[in-house]
Structure formats: structure tokens, C-alpha cells
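Here's the structure we're looking at; comments come further down.
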Amino acid sequence: MANTTNRKPINPQKPATMRLSVFQITAIFSMLFALIGFSYNVWRMEITEYNSNVRSASFELLLQLAELESIVYSAHYDQNLQQGNPRMGWVKVGLIADLSMITEPKVQASATQLKQTWQNQWQTMAQEEQSAQVIVAAIDDVRIEVRSLIQALR
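Laid out in C-alpha cells, this is it:
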């Protein structure tokens, strides 16, 4: 006969409790990883959306800047007030200022400076080369900022 006095009694609840504890820990870690994954996915989608909006606005800004530059050249060098109509220039400058709000502060600042330059120079751009050059320089400043912004996007 075996010696049963030194044996510890078997606790039938211990293996079930241990299995339940492992299950709970697994469930907690699964929820934690799911939450982290979901949070990262949401963050990544927000960044992608922001980049897409800024990229679209930037390309439209480049188009509007080119059209404004064409208006200045038509008014000054061609003396064509139909294609170089200052009212069309005002529309372009306003649109450039509005689109710049979707981008970064540097682009916004240069677009605001362009608007101020246009306001000060549009009346004499057809007659004075200096006015046309000042406006084109302001257009180039905005263009440089927009290009820099596009290159910085990931």
C-alpha cells in the first residue's frame, strides 16, 4: 500500500482557474492589440486625407498662379486688356488666397503678401514694367512655397 500521508490533496479548481486566467489575459491582450491597431489605422487615414487635401489645393494653386501670371504678361507686354483684365486678376488673387487656407501657414502668408502686392500694383501693371515685375515676383514667392510644401508631403 502506498504512503498517502505525505501527499497534498488535489485541488480540482486550480487547473480550471488557471485556464480561466490564461483566457482572460489572452482576451485582454487581444483587445489591447485591436485597439492599438484601430487607433493607428484612424491616425494614418487622417494623415492621408490631410495630405490629399493639401496636395489637391497645391496643384490648383499652381494652376491659378500660372493663370494670374498670364494675366499680368498679357496686360503689360501684350497690352491686351481682354486677356490681361485686372478684374480677372482680382478673381485669381482671391481664389489663390482662399485655396491657401487649406495649406500650410507659409503658403498662406505668401498668398496674403501676393494679394497685398496685387492691391498696390494692379493699376499700373499695364504701363509700368516695375509693377509687373513686382507682381510676378510675388507670384514666384507663392509658387516656391507651394512647391516646397508639395515636396514635404509624405
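All residue numbers for the sequence shown refer to the working numbering, where the first residue is 484 and numbers rise by one. By construction, the Cβ of each residue, glycine as well, lies at the ideal position given by its N, Cα and C atoms.
Can the beta-carbon of residue i be found closer than 7 Å to that of residue j?
i, j, result
"A594", "A580", "yes"
"N536", "I585", "yes"
"L582", "L544", "yes"
"S539", "I633", "no"
"P569", "W605", "yes"
"R626", "L548", "yes"
"S557", "G572", "no"
"K575", "L551", "yes"
For residue i, which three-state DSSP category applies?
i, result
"M608", "coil"
"N563", "coil"
"N536", "helix"
"R527", "helix"
"E637", "The sequence shown places Arg at residue 637, not Glu. In this structure, R637 counts as coil in the three-state DSSP scheme."
Could you tell me whether the region 583–602 touches the region 621–633, where touching means 3 or more Cβ pairs closer than 8 Å?
-> yes
Taking the runs of the beta strand (DSSP E) that are 3 residues or longer, which of them lie wholly in the region 572–602?
-> None, since the region 572–602 contains no complete beta strand (DSSP E) of that length.
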